Structure formats: structure tokens, C-alpha cells
Amino acid sequence: MTPLRIALYQGPSGVPTSTADSLAALAGAARRAAAAGARLLLTSELYLTGYALGDAVRDLAEPADGPGARAVARIATEHGLAIGYGYPERDGADPAVIFNSLQLIGPDGERLANYRKTHLFGDFETTFFRPGDESVVQADFEGLRLGLLICYDVEFPEPVRAHALAGTELLLTPTALMRPYEIVPQTIVPARAWESQLYIAYANRCGTEGDFSFAGLSCLAAPDGTVRARAGADEDLIVADVDPALLKASRAENTYLSDRRPELYGRLT
1 MTPLRIALYQ GPSGVPTSTA DSLAALAGAA RRAAAAGARL LLTSELYLTG
51 YALGDAVRDL AEPADGPGAR AVARIATEHG LAIGYGYPER DGADPAVIFN
101 SLQLIGPDGE RLANYRKTHL FGDFETTFFR PGDESVVQAD FEGLRLGLLI
151 CYDVEFPEPV RAHALAGTEL LLTPTALMRP YEIVPQTIVP ARAWESQLYI
201 AYANRCGTEG DFSFAGLSCL AAPDGTVRAR AGADEDLIVA DVDPALLKAS
251 RAENTYLSDR RPELYGRLT
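Just so we're aligned, residue 1 is where the sequence shown starts under the UniProt record's numbering, counting upward by one.
Okay, structure coming up:
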């Protein structure tokens, strides 16, 4: 059970001037991540375009196989690592429909998974995006079962527990968490990792976009309740290992999943 080294890119800071600038920054982060031995790089929510889009989201959204995806695939293959990135996804069946999405591209440039955010936050998201309707999206990579959520999703215990019950071992969670909600990366994310016995990679934005001031504090939380790497408030690239042996030992020690009594929880739904 070889650990998987992952990198979380918190940046670039502030409003990206164009998707091309976001891609150039991603290429630099991928180069540094690969040099540090990472096999997977995770970026923030709506990484390609920036978060504070307003009406511009209608023009910047693209399909899952659009030019942004092709550019990310080239970066992934060049540096030999998987890349998870956030972007506004235009629905192929109905171009008027836009999702807040996370796509995972493998080191061979092929799509491993695409997830549409299910819990939308605030007026901007509920105005311009349609919520996804698939709560558990997974991919297998380097011997691990990866799961995908976005930002506000992880603040609900139910989606995280659903992933744990479906076998997710590492939960990729790009985010655009604003101040003053630092409690989420500082307390809630490690608690979610502990209570559902999995790793959570939480990659935030940083700097200021319009009325939004992002909190940074990207982290990798482990199932034993510890934080294996933590960014500050500014642009950063953090690297840490996801260790299957630690996960196995933690699940043997902490038996939340096996001690559940689902017959008592019917009122939850």
C-alpha cells in the first residue's frame, strides 16, 4: 500500500484576468507539484475562470470536453500527474444550463470523473447554476478510490458519509470559501474526515474578487483527525501523502462506520 502524494494549489491570488492566465498558473503549479513527487494536483472551485463572475459566467462556461479541458489535459500529460480543477460547465444537452463542476483528468489526459455541485451557496450560485443530482461521483486512481465534492457540499455530513459508505478513501473538495467562515477548514473539514474515516483534500481560493475575500487555509485532513498539510492566507502549493496504511489502521481503531445503526435513521430522509 504505497502512499499517494498529492498537491493542493491555493492560487493564483485575486481575480484572474483570463482563462489563459489561470492555465499558465496551473502549468507552473503542475511543474512544482511533479518536482515534489506528487501524482495528483487539486485546484480551487471555479479555478479556470475565477469565482466572482456574475453575468460573465454565461459567456465563460464551456462543456466538459471544451477548450479548458483540452488545455488541462495537455498540462496533465506533460507533467505526468492527474489534475482536478473547478470550472463552469455548460450542459451539452441544453446550453442554457450551467453547472458548478469539478473535473478530474488523468496523467494520460483522459477524463476520470466529472462532478456537478449539488449544494449551491448564496445568491450568485443559486442564480446562475443548476444543482447537480448525482451525490456520489468516484474514480479509481493509483490504488485509491477518489470521491468528488465541491465547497459547500462538504459542510453537510450526509454527502461525506455517503462517500464513505460507497468506499471513497480520498475526497477531493475544491472550494471558494470566504471570510469569516474559517471554521470550515479549521474545524469542520478535519471533523468530517474523522467522523467518516477518509482523507479530505480541501483546496481553497485566496485573495479578493469583487465583494468576496477568500480565506485560504487549504488543507489535507486525515481520518485520524490530524491535518497533514495546511496553507496560510496567500498563494501556496502544499504537498502531503495520503497513506492507505494509516487509513486502514484508523478505520480499525475508530469504528463509526461499522457501528452505525441505519435502521434508526429513517427520519433523516
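Cβ atoms here follow ideal geometry from the backbone N, Cα and C, with glycine treated the same way.
The model shown is predicted, which means the values in this text are computed figures rather than measured ones.
Element boundaries [alpha helix (DSSP H), containing residue i]
i       : result
Pro-88  : Where Pro-88 is concerned, there is no enclosing alpha helix (DSSP H), although the beta strand (DSSP E) it sits in stretches over 82 to 90.
Glu-209 : Segment 206 to 209 is the beta strand (DSSP E) holding Glu-209; no alpha helix (DSSP H) there.
Tyr-265 : Run containing Tyr-265: none; DSSP gives neither H nor E here.
Leu-165 : 157 to 165
Asp-153 : Counting along the chain, Asp-153 falls outside any alpha helix (DSSP H), and DSSP gives it neither H nor E.
Ala-64  : Note, Ala-64: premise wrong, no alpha helix (DSSP H); not H, not E.
Asp-59  : 57 to 60
Leu-257 : 256 to 259
Residue range of the unbroken beta strand (DSSP E) whose run includes residue i
i       : result
Leu-97  : Checking the displayed sequence, the identity of residue 97 turns out to be Val instead of Leu. Careful: Val-97 lies outside any beta strand (DSSP E) and carries neither H nor E.
Thr-173 : 170 to 174
Ile-188 : Run containing Ile-188: none; DSSP gives neither H nor E here.
Tyr-181 : It is not in any beta strand (DSSP E) - Tyr-181 carries neither H nor E in the DSSP assignment.
Leu-4   : 4 to 10
Check whether residue i and residue j have beta carbons under 8 angstroms apart
i       : j       : result
Gly-50  : Ala-76  : no
Gly-37  : Arg-5   : yes
Gly-68  : Thr-17  : no
Glu-253 : Pro-174 : no
His-165 : Tyr-199 : It should be noted that the sequence gives Leu, not His, for residue 165. No, these two residues do not count as a Cβ contact at 8 angstroms.
Ile-161 : Ser-196 : It should be noted that the sequence gives Arg, not Ile, for residue 161. Yes, the pair counts as a contact, with Cβ atoms nearer than the cut-off.
Glu-235 : Val-15  : no
Ser-22  : Tyr-47  : yes
Leu-237 : Tyr-9   : yes
Glu-158 : Val-184 : no
Met-1   : Pro-244 : yes
Leu-104 : Ala-71  : no
Val-239 : Ala-229 : yes
Ala-222 : Ala-193 : yes
Phe-99  : Arg-116 : yes
Thr-168 : Gly-147 : yes
Expected contact under 8 angstroms - CB spacing of residue i and residue j to nearest Å
i           : j       : result
Arg-64      : Glu-89  : Here residue 64 is Ala; the residue named in the question, Arg, does not match the sequence. So it is a contact: roughly 6 angstroms between Cβ atoms.
Asp-224     : Leu-257 : At roughly 14 angstroms, the Cβ-Cβ gap does not stay under 8 angstroms, so Asp-224 and Leu-257 are not in contact.
residue 325 : Leu-81  : Nothing about residue 325 can be reported from this structure: the residues present for the chain run from 1 to 269 only.
Val-97      : Arg-145 : At roughly 29 angstroms, the Cβ-Cβ gap does not stay under 8 angstroms, so Val-97 and Arg-145 are not in contact.
Leu-149     : Leu-170 : The Cβ separation is near 11 angstroms, so there is no contact.
Thr-118     : Ser-135 : 6 angstroms
Ala-7       : Ala-25  : Their Cβ separation, rounded to whole angstroms, is 13 angstroms, which puts Ala-7 and Ala-25 out of contact at 8 angstroms.
Glu-142     : Arg-39  : 6 angstroms
Gly-122     : Ala-73  : About 31 angstroms separates the two Cβ atoms, so there is no contact after all.
Leu-41      : Ile-83  : 5 angstroms
Every unbroken alpha helix (DSSP H) within the segment 101 to 151, with a cutoff of 4 residues, ordered by chain: Listed in chain order, the complete alpha helix (DSSP H) runs (minimum 4 residues) inside the segment 101 to 151 are 122 to 128.
Continuous beta strand (DSSP E) assignments of at least 3 residues falling wholly in the segment 13 to 51: List check, beta strand (DSSP E) in window: 40 to 42.
Touch test, the segment 198 to 208 against the segment 253 to 263, Cβ-Cβ under 8 angstroms, three pairs minimum: Touching, no, given that fewer than three Cβ pairs across the two stretches are closer than 8 angstroms.
Beta strand (DSSP E) runs contained entirely in the segment 196 to 243, provided each spans 3 or more residues: Segments of the beta strand (DSSP E) lying fully in the segment 196 to 243: 199 to 203, 206 to 209, 212 to 215, 219 to 221, 227 to 230 and 236 to 242.
Inter-stretch contact at 8 angstroms, needing at least 3 Cβ pairs: the segment 205 to 215 / the segment 171 to 183: Yes, the segment 205 to 215 touches the segment 171 to 183.
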